[in-house]
Every structure is written in structure tokens, then in C-alpha cells.
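Protein sequence lines, in the order shown, are assigned to chains A and B.
Be aware that the first sequence starts at 0, since it is given in numbering that gives the first Met the number 0, and climbs by one per residue.
Be aware that the second sequence starts at 0, since it is given in numbering that gives the first Met the number 0, and climbs by one per residue.
Quick reminder that beta carbons are idealized off the backbone N, C-alpha and C, glycines included.
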Amino acid sequence: MRDVIVLMKDIHKVYPDGVYALRGVDFELRNGEIHGLLGENGAGKTTLMRILYGQIKPTSGEIFIKGNKVRFNRPRDAIKYGIGMVFQHFALVHAFNALENIALGMEPSKGGLLNLKEVEDRVRELMERTGLKVDLKVPISRLSVGMRQRVEILKLLYRKVDVLILDEPTSVLSPIEVKELFRTLSKLREKGKTIVLVTHKLREALSICDRITVLRRGKKVATVKAREVGPEDLAKMMVGREVLFRVGKLKGRTGKEVLKVSNLWVKGDLGTYAVKGLSFTVRGGEIFGIAGVEGNGQSELVEALFGLRKVERGSITFKGEDITNLSVKEIRDRGISLIPEDRLGRGLIADFTLTENAILGMHYKPPFSKGFRLNLEESKSFARDLIRKYEITALSEDVPVKFLSGGNQQRLIVARELSRGPTLLIAFQPTMGLDVSATEFVRNGLLRMKSEGRAVLLISSDLEEVVQLSDRMAVMYEGKFMGLGRPEEFSTEEIGLMMGGLELHEVKSGNS
Amino acid sequence: MRLSQAIHKLRYLASLSRIAQSLLAIVMGFLAGGIMLWASGYNPLKSYEIMFIGDPESGVQGAFGGYLALSNTLREAAFLTLTGLAVAVSFLAGMFNIGVEGAMYIGAFAAFLVGYFISLPLNPFTNLFHVCLALLGSIVAGAFWSYIPAVMKVKRGAHEVVTTIMLNYVAILTTKMIVLRAFLPKTGIVPGGILTPPISLSARVAPIPLPSRAELTLGFPLAIVVTLITYFLLKATTLGYEIRAVGLNPRAAEYGGVNVGKALIYSMVLSGAISGIAGACDVLFVEYRFNSLFSPGYGFDGIAVALIGRLDPIGTALAALFIAAIHMGARSLQPALGMPKELAMAIEGLIIIFTALPEALNMLISKFKGVKVRK
Numbered sequence: 000m001r002d003v004i005v006l007m008k009d010i011h012k013v014y015p016d017g018v019y020a021l022r023g024v025d026f027e028l029r030n031g032e033i034h035g036l037l038g039e040n041g042a043g044k045t046t047l048m049r050i051l052y053g054q055i056k057p058t059s060g061e062i063f064i065k066g067n068k069v070r071f072n073r074p075r076d077a078i079k080y081g082i083g084m085v086f087q088h089f090a091l092v093h094a095f096n097a098l099e100n101i102a103l104g105m106e107p108s109k110g111g112l113l114n115l116k117e118v119e120d121r122v123r124e125l126m127e128r129t130g131l132k133v134d135l136k137v138p139i140s141r142l143s144v145g146m147r148q149r150v151e152i153l154k155l156l157y158r159k160v161d162v163l164i165l166d167e168p169t170s171v172l173s174p175i176e177v178k179e180l181f182r183t184l185s186k187l188r189e190k191g192k193t194i195v196l197v198t199h200k201l202r203e204a205l206s207i208c209d210r211i212t213v214l215r216r217g218k219k220v221a222t223v224k225a226r227e228v229g230p231e232d233l234a235k236m237m238v239g240r241e242v243l244f245r246v247g248k249l250k251g252r253t254g255k256e257v258l259k260v261s262n263l264w265v266k267g268d269l270g271t272y273a274v275k276g277l278s279f280t281v282r283g284g285e286i287f288g289i290a291g292v293e294g295n296g297q298s299e300l301v302e303a304l305f306g307l308r309k310v311e312r313g314s315i316t317f318k319g320e321d322i323t324n325l326s327v328k329e330i331r332d333r334g335i336s337l338i339p340e341d342r343l344g345r346g347l348i349a350d351f352t353l354t355e356n357a358i359l360g361m362h363y364k365p366p367f368s369k370g371f372r373l374n375l376e377e378s379k380s381f382a383r384d385l386i387r388k389y390e391i392t393a394l395s396e397d398v399p400v401k402f403l404s405g406g407n408q409q410r411l412i413v414a415r416e417l418s419r420g421p422t423l424l425i426a427f428q429p430t431m432g433l434d435v436s437a438t439e440f441v442r443n444g445l446l447r448m449k450s451e452g453r454a455v456l457l458i459s460s461d462l463e464e465v466v467q468l469s470d471r472m473a474v475m476y477e478g479k480f481m482g483l484g485r486p487e488e489f490s491t492e493e494i495g496l497m498m499g500g501l502e503l504h505e506v507k508s509g510n511s
Numbered sequence: 000m001r002l003s004q005a006i007h008k009l010r011y012l013a014s015l016s017r018i019a020q021s022l023l024a025i026v027m028g029f030l031a032g033g034i035m036l037w038a039s040g041y042n043p044l045k046s047y048e049i050m051f052i053g054d055p056e057s058g059v060q061g062a063f064g065g066y067l068a069l070s071n072t073l074r075e076a077a078f079l080t081l082t083g084l085a086v087a088v089s090f091l092a093g094m095f096n097i098g099v100e101g102a103m104y105i106g107a108f109a110a111f112l113v114g115y116f117i118s119l120p121l122n123p124f125t126n127l128f129h130v131c132l133a134l135l136g137s138i139v140a141g142a143f144w145s146y147i148p149a150v151m152k153v154k155r156g157a158h159e160v161v162t163t164i165m166l167n168y169v170a171i172l173t174t175k176m177i178v179l180r181a182f183l184p185k186t187g188i189v190p191g192g193i194l195t196p197p198i199s200l201s202a203r204v205a206p207i208p209l210p211s212r213a214e215l216t217l218g219f220p221l222a223i224v225v226t227l228i229t230y231f232l233l234k235a236t237t238l239g240y241e242i243r244a245v246g247l248n249p250r251a252a253e254y255g256g257v258n259v260g261k262a263l264i265y266s267m268v269l270s271g272a273i274s275g276i277a278g279a280c281d282v283l284f285v286e287y288r289f290n291s292l293f294s295p296g297y298g299f300d301g302i303a304v305a306l307i308g309r310l311d312p313i314g315t316a317l318a319a320l321f322i323a324a325i326h327m328g329a330r331s332l333q334p335a336l337g338m339p340k341e342l343a344m345a346i347e348g349l350i351i352i353f354t355a356l357p358e359a360l361n362m363l364i365s366k367f368k369g370v371k372v373r374k
């Protein structure tokens with residue numbers, strides 16, 4: 000057995016808002032291995048690694064580096080011990096070139112004058128040894144995402160890091176860039192570096208890792224040798240064996256086709272396609288669920304459906320009418336509601352009162368607007384109605400919503416969107432971060448919509464939620480559906496495989 | 000449930016303390032100014048008394064110490080209220096509009112043109128008509144002037160701070176040039192500025208006489224009316240709702256069906272219109288001509304006024320009165336105590352900085368979060 004370089008023992012983490020992220024996780028890293036850290040969203044992968052990197056403190060638990068007990072207060076402490084982390088969102092200064100970014104924070108100076116020559120020599124030597132080639136003199140803003148990632152890695156190597164943590168490093172890369180990255184990682188392993196690869200992609204984990212640790216809901220499931228397991232085993236561990244109960248599902252009478260999406264292509268913020276040719280329909284009286292790990296194009300899909308993002312190709316048809324690239328207002332007015340993913344970022348205006356938030360999206364229509372005037376009395380009584388009917392805990396309708404708890408903020412959004420009586424309700428991560436009662440409240444709301452014959456599109460990374468509530472479901476991975484069907488047609492394991500990037504026919508043929 | 004309600008109540012009360020914060024800031028400002036006065040060998044309390052009430056020995060009036068001083072304070076407050084409102088309306092939408100000064104000059108010049116080239120037989124009705132027409136001219140011109148940087152931002156992403164500052168120069172210098180080339184030959188060289196000839200009698204509004212030969216110009220009552228209209232617009236109309244929504248959270252506004260670019264443009268047009276009225280006040284109520292140096296920087300002082308007023312119309316009007324009083328009061332320190340002018344100005348600046356600080360910090364923090372317009 001090779002020597003253990005990092006040992007994390009019984010790590011617990013409770014966030015200030017009460018979310019239990021880690022429940023006693025042990026994690027062991029051996030010198031010179033590539034170690035995969037696998038799990039769904041919210042499994043605690045990133046939290047665990049941020050603790051190791053000193054960015055957040057564990058609630059309890061111990062960390063040993065090469066046998067010495069350590070306590071990190073900030074990333075700088077971790078870097079001193081040779082541990083560095085590259086995040087999904089890079090922390091680079093766009094106006095600086097690669098060299099300046101690498102030197103940032105530890106610029107060598109002679110009498111107050113910057114001396115980058117020294118840095119350049121060392122970085123060039125590093126690039127020679129590791130094969131991580133980057134144009135050092137070009138501003139970061141002009142480098143591709145793959146190149147930026149290299150700069151991040153070089154930055155850490157320059158700081159003489161031995162343990163390199165990469166958080167979902169392939170999520171922003173093209174397939175060719177992924178290959179290059181993996182080649183680099185292998186080379187780094189040869190040079191004696193230890194690497195942690197945080198990912199939810201089964202194939203990637205299996206293709207490069209020596210060992211894999213699987214987390215589920217803040218607990219470690221197992222640490223296995225990559226050579227000894229297949230994707231099915233990992234999927235099973237990742238998703239869990241718990242029987243997925245199908246509570247409260249009513250056999251609704253599915254009605255007419257309400258939403259039809261054909262060959263939809265949408266670009267993400269980086270200018271690459273995030274939604275790649277999706278086609279599906281949602282009928283009245285049914286809940287259509289889209290499962291998948293966050294960041295696989297769900298946000299872009301939702302934004303495109305609601306007029307918040309441009310559709311590049313394909314079409315969206317609502318009740319027989321083409322609504323592709325209409326404005327938000329036009330889409331709202333046709334009877335589509337959205338519960339957005341980002342509560343305070345999109346769904347509410349934190350400094351507005353409950354009343355003002357209650358009419359957002361309806362403020363330009365009667366009875367809330369009379370000509371150019373806002374009907375304040377009507378708005379207030381509407382807000383009071385929502386507070387009563389949807390059991391929102393608030394002092395009054397004049398309180399800014401930033402003073403409400405997260406659960407009550409979400410109740411307000413749900414109340415507002417349901418009260419519009421939409422023909423189609425799009426619910427995006429509607430229960431994320433909510434406690435049990437609020438979750439129940441939201442899910443019942445969706446079921447009620449369905450029983451009233453309305454169409455519901457549920458997009459969630461909470462697999463259980465999708466399986467429980469949906470009449471039909473699809474699994475989304477990198478902008479495509481890996482499979483589409485009734486939830487009971489899939490085993491948990493198969494869904495796990497699809498979430499990890501295997502297509503349904505591959506999954507089925509692999510099983511038979 | 001009880002506990003969480005209590006917590007909510009506490010947090011709610013904390014938000015009310017914004018007013019307390021403002022008051023505290025004012026106190027801090029006076030303390031800082033007091034230290035400076037004391038260090039320079041003046042009695043702070045005595046100095047403040049002179050600033051606001053006056054000095055019976057020398058007969059100097061403080062800002063509120065007599066009709067004459069009061070009328071000066073109110074005239075100044077009128078300009079600051081209007082420019083403050085103009086700034087507030089654009090800042091509320093998240094537009095860092097520095098261009099109120101320029102729009103004010105354009106508004107003043109437009110009012111002059113309407114007042115000068117139209118001449119009506121004098122009776123109360125034509126008088127009212129002509130003044131309203133001139134005001135309308137200034138509103139349209141100011142609104143148009145501020146529309147330019149708004150469109151540049153929404154369509155092309157040009158940053159409003161840069162464009163509005165540059166447009167200030169264009170406005171101030173162009174009007175000056177026109178006066179020099181086209182009107183100065185008719186006016187003749189006059190001490191006290193580069194002036195046009197006076198406007199028609201039918202476009203003038205005489206001040207309301209006060210005791211002790213003091214006069215109240217129409218600017219102050221007009222500023223109060225504009226304050227109330229702005230308050231109504233922001234709080235009780237769909238447009239005001241959308242402007243505030245865009246300023247507080249553009250992403251949520253967009254989700255709520257608000258056209259973010261349009262709201263930004265409307266806020267700037269509104270700001271320009273109010274700036275225009277500020278300019279017209281000087282031409283129609285005070286000087287009866289266009290003075291190409293008429294503003295001591297009202298448009299820029301408006302930024303401080305709006306921030307002290309926490310971008311609230313009523314608060315802005317109160318802040319304008321406060322700043323005008325400090326300004327007028329500082330002027331009476333010089334004759335009463337023989338204080339150097341520079342020191343009086345430094346005291347004035349110190350008080351204003353401290354008072355504006357809390358909201359300025361808020362603005363900067365929210366600005367760092369950034370406003371993006373989707374094309």
C-alpha cells in the first residue's frame with residue numbers, strides 16, 4: 000500500500016442555514032493517485048473538497064496531511080501544505096495575461112519593481128515538464144476555456160502544490176479538450192502529483208481514476224478501485240438503492256398537447272451550445288419531468304422556453320402557436336408560468352415588499368394596473384390573499400421579502416405563479432434548499448395543477464422528486480436526452496447511468 | 000413560529016433604522032466639521048449658530064435667520080431639489096447618470112429660445128401660456144438630451160458615466176458658443192457672465208414679495224410640485240414600479256416581463272425632463288435670460304442631494320433644503336467671523352461628505368453586482 004497523503008476523518012458540515020451537507024465522511028488520498036470523487040448534486044463532493052482546501056471549516060472532524068493533524072483557516076494555509084484546488088468558475092483576472100495571473104499574489108519584486116522574468120523562466124520550465132502549454136503573453140479574456148483551465152493548473156503547480164483538486168473540470172470543456180486534460184493529468188501523475196477529480200460523469204471517472212469514492216447525501220458510500228467496478232455499480236452507489244415511492248400520483252386524464260419543443264438548440268453563456276437538439280411534448284394534466292445533474296443545459300432550456308434566452312434553432316409551440324423567441328411578456332400573457340431556479344436572483348426582488356413581489360409579472364395588467372397607474376389597494380389585498388391561502392409566514396404584506404425565510408420566499412413565488420392559473424407551469428428546481436414542509440407544499444401545488452388539467456414541466460436535479468411526481472420523464476446530459484419514458488420503465492440504476500452520460504439503448508443493452 | 004416571527008420583526012425594524020442612519024450621518028458630519036472649526040480656533044457651537052440663525056452683533060443672517068437669507072436658501076433649495084430628483088430617478092433604475100448638469104443647460108437654453116423668439120401681448124392668460132410653453136420646451140429638450148446616453152447604453156453598451164460626462168461638456172460649451180456667436184453682439188459685454196438678451200415679458204414670472212424686501216421665486220413651489228409628481232410616478236405607477244424593479248434586480252425584472260432596456264430609457268428621459276425644468280427655473284423665474292455660467296454645479300450637487308435623500312423623492316427634497324442651508328450658512332461665516340472663504344467651504348464639504356456616505360456606499364456595493372442589459 001502506498002503512503003497516505005491526505006486523511007479526512009469523520010467530517011461533518013452543517014451550513015449556517017441548517018443544511019446538513021456532510022454527515023461523517025472519511026476520505027483517504029494516497030500519494031500519486033488520481034482519485035475520483037463521485038456523486039449527484041448536493042451529495043457533498045464540493046463541500047468536502049472546499050474543506051480540504053481550507054475555504055470552509057468543517058463543523059467537526061479531523062484532517063491529517065502526511066500524518067500531521069492540520070487545521071486550515073484559509074486556502075493559503077492549504078497551499079502551504081501543498082494542496083490546491085481549481086474551481087468550476089475560474090478565478091482569473093481577465094485583463095491580465097497568463098503570466099501575470101500566475102504571479103498574482105506572490106509577485107517577486109526588486110525594490111518595488113515587478114520582476115516577471117523570474118516567474119516566466121520558472122513557468123516555462125514547468126510547461127516543458129508537464130506539457131501544459133499556454134501562451135503566456137495573451138490576456139486571459141482571449142484564451143479558450145480549456146486554456147484558462149491550464150492557467151489555473153499552472154498557477155497551482157507554480158505554488159508547488161502536490162495535491163491538485165479539480166472540481167468538475169470537464170463540464171466546461173469540449174471532448175477534445177477533455178482528452179487533452181486527461182493526458183495532462185496522467186502526465187502529472189507520472190511526475191508524482193496526486194489528483195482529486197470531482198465529477199458526476201461515470202465514464203470519465205472510470206477512464207482515468209485509480210480509485211473512486213462515491214458520496215450520497217453527505218455520506219460516503221464506498222471507496223473502490225476503478226479497475227474492479229463498472230458503470231452500473233457506480234450508478235447504483237451514486238443514486239442509492241432506496242425504493243423510490245410513488246406517493247400521491249393520481250392517474251390524471253391527460254389532455255391535449257400543450258407544449259411542443261422540436262429540435263431546440265440554445266447557446267450557453269460561453270457561446271457554446273448548451274441545449275443540443277431537444278424535442279419533447281407536454282400535455283395537459285400531466286407532469287413531464289426532466290432529471291439530470293445540474294449544469295447539463297437545464298437553465299438554458301428553461302430560459303429559452305420563457306423568452307429569457309435566444310433560441311438558435313428549432314421551435315417552441317404552445318397550444319398550436321409558434322412562440323419561439325417571443326418576449327417574456329408575450330409568453331407570460333399566453334398562460335405560461337415559471338418557478339425559477341434562483342429564488343432571490345430571478346424570482347423575487349429582495350428589497351421589494353411582499354405586495355410588490357406578489358404582482359411581479361402581472362403588474363402591467365388589470366386589476367393591478369389601471370392605465371398607467373398601479374392599483375395599490377388591489378395589489379395589497381391580493382398579497383394578503385396569497386399570504387392567507389398559501390400560509391406564508393410574514394408580519395404584513397408591507398415587509399420587504401428579504402426578511403422572509405427561504406421557505407416563505409419560495410411559497411410566495413409558488414403562490415404567485417400558481418394563482419395566475421397557467422396553462423403550462425414550468426417548475427425549475429422548485430424545492431431546492433427547502434425544508435420538509437415547504438417541499439411538501441410545493442409538490443402538492445404541482446400535483447394540484449396537474450389534477451386541474453394543466454400541463455407541468457418539472458426540471459429538477461433531485462431525482463427522487465422527478466421520479467415521484469412525473470408521469471413521463473427524461474434524463475438530460477450535456478444538452479441532450481439520454482432517455483425518455485415513464486418513470487416505472489427505468490430502474491434506479493438505469494437512471495443513474497443516464498445521468499452519468501450513457502444513452503438509454505446503451506444502458507438497456509448493457510443490462511441484458 | 001413565535002420565535003421566527005419575532006426574528007422577522009427585529010429584522011424589519013432594522014430596516015426602518017435607515018432614517019436613523021441618515022440622522023446619525025448628519026450628526027457625524029457636524030461633529031467632523033466641529034472638530035475642524037475647533038482646530039482652526041473657532042467656537043464650533045457659535046459657528047453653527049451663525050450658519051443657521053445668524054450673528055446679532057454683525058447683523059449677518061444665517062440660512063434661516065431672516066427673510067432675505069431664507070429666500071436665498073429656498074431659491075438654492077429649489078435648484079437642488081430638482082437636480083436631486085433628476086439624479087434619483089436615474090439612479091433608482093441603476094443608471095449612474097452624471098449628466099444632469101448638461102441636461103439642465105440644454106433645458107435652460109430651450110426655455111430661453113421659447114421665451115425669446117415668441118413674444119405675446121401681455122395679459123395673465125398669455126403669460127401663463129407662454130411660461131408653460133417655455134417649460135414644455137425645456138422638458139422636451141432635457142428629456143431628449145438624456146435619451147442619447149440611455150440609448151447608447153441600451154443599444155451599444157456604452158457606459159453611462161463616460162457618455163453623460165462627455166455630453167455635459169457638449170451641452171455647456173455648445174450653448175456658450177451659441178451665446179457668444181449669435182447673441183452676445185446684441186447683448187453687449189456685460190459684467191457677470193456671457194449673457195443673452197432678456198426674454199419676452201410674457202415669458203417671465205415675477206417673484207412673490209416677502210417682508211423686508213425679500214422675494215420668493217417660483218422655483219421653490221414648482222420644485223415641491225415636481226417632488227410630489229415624482230413621488231407619485233415612482234410609487235404609484237406601473238412605470239415607476241418597473242424602474243425600481245430594474246434598478247434593484249434586473250434579472251428578476253426581466254423575468255417579470257419588464258423590458259429592461261426600455262425601463263432604463265424611460266428613467267433617463269424622466270431624469271432629463273426634470274433637469275430641463277431646473278434649467279428653465281433660472282431663465283423664467285430668476286435671470287430672465289440665458290446665462291451661460293448660471294449653474295455653480297447644481298447638477299453635480301444633485302448627486303449628493305439624491306444620495307443623502309436615499310433616492311426617495313421626499314427625502315431628496317429635504318436633503319436639498321439641508322444642503323442649501325449648509326451652503327448659505329457657510330457663506331455667512333465669512334463676514335461674521337472673518338473666517339477665510341476656503342475654510343468655510345471645507346467645513347461645508349466635510350458635512351456633506353459625511354452625510355452622503357452611507358447611501359453612496361450602498362450604491363457602490365450594488366453597482367459592483369452590476370447591471371447588464373440584454374440585447
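Return the first residue and the last residue of the alpha helix (DSSP H) that A:Lys-388 is part of. It spans 375–388 - the alpha helix (DSSP H) in which A:Lys-388 sits, taken as one unbroken run.
With 8 Å set as the bound, which would you pick, yes or no: does the beta-carbon of A:Glu-416 sit closer than that to a beta-carbon of chain B? False, the Cβ-Cβ gap to chain B never drops below 8 Å.
Listed by chain order, chain B residues near A:Ile-575 by CB distance under 7 Å: Nothing about residue 575 of chain A can be read from this structure; chain A reaches only from 0 to 511.
First and last residue of the beta strand (DSSP E) that includes A:His-93? Run containing A:His-93: none; DSSP gives neither H nor E here.
Let me check one thing: in DSSP terms, what residues is A:Phe-63 bridge-paired to? Answer is A:Leu-6, A:Lys-68, bridged to A:Phe-63.
A:Thr-280 - containing alpha helix (DSSP H), residue span: No alpha helix (DSSP H) holds A:Thr-280; the beta strand (DSSP E) holding it covers 272–282.
Can you name the residues of chain B whose CB is closer than 7 Å to the CB of A:His-88? Within chain B, not a single residue places a beta-carbon under 7 Å from that of A:His-88; the smallest gap is close to 15 Å.
Please state the DSSP three-state secondary structure of B:Gly-53. Looking at B:Gly-53 - three-state DSSP - the assignment turns out to be strand.
Please report whether the beta-carbon of B:Gly-136 lies at a distance below 8 Å from any beta-carbon of chain A. With 8 Å as the cut-off, B:Gly-136 does not count as an interface residue toward chain A.
Any beta carbon of chain A sitting closer than 8 Å to that of B:Ala-359? No, because no Cβ of chain A sits closer than 8 Å to the Cβ of B:Ala-359.
Do we get a CB-CB distance below 8 Å when we pair B:Ala-92 with the residues of chain A? Contacts with chain A at 8 Å (Cβ-Cβ) do not include B:Ala-92.
Have a look at A:Leu-359, A:Glu-487, A:Leu-172 and flag the residue whose alpha-carbon is nearest the alpha-carbon of A:Leu-269. The shortest CA-to-CA distance from A:Leu-269 to any of A:Leu-359, A:Glu-487, A:Leu-172 is the one to A:Leu-172.
Between the region 487–508 of chain A and chain B, which residues of the former have a C-beta closer than 8 Å to a C-beta of the latter? Residues passing the 8 Å Cβ filter: none.
Can you give the beta carbon distance from A:Leu-385 to A:Leu-411, rounded, assuming they're within the 8 Å contact cut? Taking C-beta atoms under 8 Å as the contact rule, A:Leu-385 and A:Leu-411 qualify, at a distance of about 7 Å.
Are the beta-carbon atoms of A:Leu-165 and A:Lys-192 separated by less than 8 Å? Not a contact, by the Cβ cut-off of 8 Å.
Which two residues bound the contiguous beta strand (DSSP E) that contains A:His-199? For A:His-199, there is no enclosing beta strand (DSSP E), as DSSP marks it with neither H nor E.
Same chain, Cβ closer than 7 Å to A:Ile-494, five either side skipped, listed in chain order: Excluding sequence neighbours, A:Ile-494 sits near Val-238, Ala-290, Leu-462, Val-474.
If you draw a straight line from the alpha carbon of B:Trp-144 to that of B:Ala-102, how long is it in whole angstroms? In this structure, the CA atom of B:Trp-144 is about 6 Å from the CA atom of B:Ala-102.
Spatial neighbours of B:Gly-192 within its chain, please: C-beta separation below 8 Å, excluding the five flanking residues on both sides. Asn-290, Ser-291, Leu-292, Phe-293, listed in sequence order.
Quick one: does B:Thr-236 have its CB under 8 Å from some CB of chain A? Taking 8 Å as the threshold, the shortest C-beta distance from B:Thr-236 to chain A falls below it.
Going residue by residue through the region 142–220 of chain A, where are the continuous alpha helix (DSSP H) segments of at least 4 residues, counting only ones entirely within it? List check, alpha helix (DSSP H) in window: 144–157, 174–189, 201–207.
The region 56–76 of chain A contacting the region 477–497 of chain A, beta-carbon criterion three pairs below 8 Å: By the criterion of at least three beta-carbon pairs nearer than 8 Å, the region 56–76 of chain A is not in contact with the region 477–497 of chain A.
Quick one: Cα of A:Glu-167 to Cα of A:Leu-113, how far? Straight-line spacing of the CA atoms in A:Glu-167 and A:Leu-113 works out to 34 Å.
Three-way DSSP call (helix, strand, coil) for A:Lys-79 in this model: DSSP places A:Lys-79 in helix when its eight states are reduced to three.
Using beta-carbon positions only, say whether A:Ser-261 and A:Gly-313 come within less than 8 Å of one another. A distance below 8 Å separates the beta carbons of A:Ser-261 and A:Gly-313.
Among A:Phe-181, A:Ala-102, A:Ile-330, A:Lys-44, which has the Cα closest to the Cα of A:Arg-158? Of A:Phe-181, A:Ala-102, A:Ile-330, A:Lys-44, the smallest CA-CA separation from A:Arg-158 is found for A:Ala-102.
With B:Met-35 and B:Ala-345 assumed to form a contact (beta carbons below 8 Å), what rounded beta-carbon distance in angstroms separates them? Between B:Ala-345 and B:Met-35 the Cβ distance is about 7 Å, and since that is below 8 Å, they are a contact.
Stretch pair the region 345–352 of chain A + the region 286–300 of chain A: three plus CB contacts closer than 8 Å: Look at the beta carbons and you see the region 345–352 of chain A not touching the region 286–300 of chain A: under three pairs across the two are nearer than 8 Å.
Apply the 10 Å Cβ neighbour rule to A:Arg-147 and answer buried if 16 or more other Cβ atoms are within range, or exposed otherwise. With 16 or more other Cβ atoms within 10 Å, it is buried.
Show which residues of chain B have a CB atom less than 7 Å away from the CB atom of A:Gly-344. Within 7 Å Cβ-Cβ: Arg-250.
Own chain partners of B:Thr-216 with C-beta closer than 6 Å, once the 5 adjacent residues on each side are dropped: Exclusion of the five residues before and after B:Thr-216 leaves Arg-74, Pro-206, Phe-284, Val-285 as the residues of its chain whose Cβ lies within less than 6 Å of its Cβ.
For chain D, find out if any of its Cβ atoms is closer than 8 Å to the Cβ of A:Leu-375; answer yes or no. No chain D is part of this structure, whose protein chains are labelled A and B.
Taking the alpha-carbon of A:Gly-267 as reference, which of A:Val-281, A:Met-236, A:Leu-307, A:Val-292 has the nearest alpha-carbon? The shortest C-alpha separation from A:Gly-267 is found at A:Leu-307.
How long is the line joining the alpha carbons of A:Ser-336 and B:Pro-249, rounded to whole angstroms? Rounded to whole angstroms, the gap between the alpha carbons of A:Ser-336 and B:Pro-249 is 19 Å.
Assign B:Cys-131 to one of two classes, buried (16 or more other C-beta atoms within 10 Å of its C-beta) or exposed (fewer than that). The residue in question, B:Cys-131, is exposed, as its Cβ has fewer than 16 Cβ neighbours within 10 Å.
Cross-strand partners of A:Gly-335 (DSSP beta bridge): It should be noted that the sequence gives Ile, not Gly, for residue 335 of chain A. Under DSSP, A:Ile-335 takes part in a beta bridge, and its partners are A:Leu-423.
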